[in-house]
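K.L.:
Residues in the sequence shown are numbered consecutively from 220, following our numbering.
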Amino acid sequence: MNDCAIGVFDSGLGGLTCVKELNRLVPNENIIYFGDTARVPYGTRSRETILEYAEQDINFIKKHNAKLIIAACGTVSSVLDADKKTAGNIPFTGVLLPAAQAACKLTKNGRIGVIGTPATINSGAYVKAIKNIRPDVSVTGNACPLFVPLVEYGFTDRNEPITKLAVEKYLAPIKAAGVDVLILGCTHYPIIRDAIADYMGNTVALISPSSEAAKYALSLLTEKNMLSERSGTGRNIYYTSDSVELFEENAHAFLGNTINGEVHKVGIDELIS
Ligand code: DGL
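Laid out in structure tokens, this is it:
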């Protein structure tokens, strides 16, 4: 039994899709979330910069005495070692391995698609992780750089013409490859899941790495006997490196409801000290 919080971080708001899933699966757990909204996006930056930011994010979460750290960011997860299991002495997971495992289990025709930020796709990390689990599977990947801004600016409705156009452009090669499973390899993408599902059709299963990471967190904490035995609902505390007001305003789309906890500002100087 362990009543410390689960720590979750992302480059911005996308990781809130993981918080939403954790709140559903383990509602009595406390959660500390950090969204680096002042420096989002990470997905168009160099590997070195992403690694530097990730280290600062992890150190920030560590200061809050978390019992498990989740990098709820496809970009960070793909530049870190996929087998990274600890941050110091704290259990750690990214979203990549849980998603790759779920995709390998689910595919029937052995063809998996992956979409993500340029950094995620260019890293080749998904292909490597999937091939490690199932060498027989083929993987078709494509970077979708316009998806994050479309989500950030609220073009999320399945009938939004600009979103439909971007979906068609980025997903055409994946559809042509005949995949039966598609990994939404960036934690922003579940927000435009409907538009993606409409284009891919109902024979293609969509995997949200945030949901898979939350399920993985539950099994890991169960296995290590580290789940909280708190009888009431846990507390969510959010930290953002940019405006608290903007965070509160935009979090709704990712959490599916208004923000359920206090939000605090963290200065970048605090992250790098
Ligand atoms: N949430 C980030 C990810 O999962 C996308 C935004 C970014 O580029 O930082 O990759």
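Cβ atoms here follow ideal geometry from the backbone N, Cα and C, with glycine treated the same way.
If we ignore side chains and look at the alpha-carbon of each, how far apart do Val-485 and Leu-465 end up?
P.N.:
Whole-angstrom Cα-Cα distance: 14 Å.
K.L.:
Counting along the chain, where does the beta strand (DSSP E) carrying Gly-293 start and finish?
P.N.:
Element bounds for Gly-293: not the beta strand (DSSP E) but the alpha helix (DSSP H), 293–298.
K.L.:
Can you give me the C-alpha to C-alpha distance between Ser-230 and Asn-444, rounded to a whole angstrom?
P.N.:
Cα to Cα, Ser-230 sits roughly 30 Å from Asn-444.
K.L.:
Where in the stretch 421–484 do unbroken runs of the beta strand (DSSP E), each at least 3 residues long, occur, reported from the N-terminal end onward?
P.N.:
Entirely contained in the stretch 421–484, the beta strand (DSSP E) runs reaching 3 residues are, in chain order, 424–426, 455–459 and 480–484.
K.L.:
For Met-220, is the classification buried or exposed, using 16 other Cβ atoms within 10 angstroms of its Cβ as the cut-off for buried?
P.N.:
Exposed, because fewer than 16 other Cβ atoms sit within 10 Å of the Cβ of Met-220.
K.L.:
With burial defined as no fewer than 16 other Cβ atoms inside 10 Å of the residue's Cβ, what is the status of Ile-426: buried or exposed?
P.N.:
Classification of Ile-426: buried, given that the 10 Å Cβ count is 16 or more.
K.L.:
Using the Cα positions of Lys-383 and Ala-414, report the straight-line distance between them to the nearest angstrom.
P.N.:
If I take the Cα positions, the gap works out to 6 Å.
K.L.:
Going by the CB atoms, is the gap between Ile-456 and Tyr-252 shorter than 9 Å?
P.N.:
Result yes, Cβ atoms of Tyr-252 and Ile-456 sit closer than 9 Å.
K.L.:
For Ile-491, count neighbouring Cβ atoms within 10 angstroms of its own Cβ and tell me buried if that reaches 16, exposed if not.
P.N.:
Classification of Ile-491: exposed, given that the 10 Å Cβ count is below 16.
K.L.:
Bridge partners of Tyr-252, per DSSP?
P.N.:
According to DSSP, which records beta bridges pairwise, Tyr-252 is partnered with Val-227 and Tyr-457.
K.L.:
Considering only their Cβ atoms, is the gap separating Ala-285 from Gly-226 smaller than 9 Å?
P.N.:
Yes, Cβ-Cβ distance for Gly-226 and Ala-285 is below 9 Å.
K.L.:
Cβ of Pro-409 within 8 Å of any heavy atom in the ligand DGL?
P.N.:
No, since every heavy atom of the ligand DGL falls outside the 8 Å radius drawn around the Cβ of Pro-409.
K.L.:
Taking 8 Å as the limit between beta carbons, can you name the residues of its chain near Phe-279, skipping five residues before and five after?
P.N.:
Answer for Phe-279: Phe-228, Phe-253, Tyr-458, Val-485, Glu-489 and Leu-490, listed in chain order.
K.L.:
Just the Cα atoms here: how many angstroms apart are Val-298 and Leu-235?
P.N.:
If I take the Cα positions, the gap works out to 20 Å.
K.L.:
With a Cβ-Cβ cutoff of 9 Å, do Asn-308 and Thr-452 count as a contact?
P.N.:
Cβ distance not < 9 Å, so Asn-308 and Thr-452 don't count as in contact.
K.L.:
Ignoring anything shorter than 3 residues or poking outside the stretch 316–355, list the beta strand (DSSP E) runs there in chain order.
P.N.:
330–335, all fully within the stretch 316–355.
K.L.:
Taking a contact to mean a Cβ-Cβ separation below 9 Å, would you say Ile-334 touches Leu-390 in this structure?
P.N.:
Yes, these two residues count as a Cβ contact at 9 Å.
K.L.:
Are the beta-carbon atoms of Lys-261 and Thr-336 separated by less than 9 Å?
P.N.:
Going by the sequence as given, residue 261 is Tyr instead of Lys. Yes, they are a contact pair.
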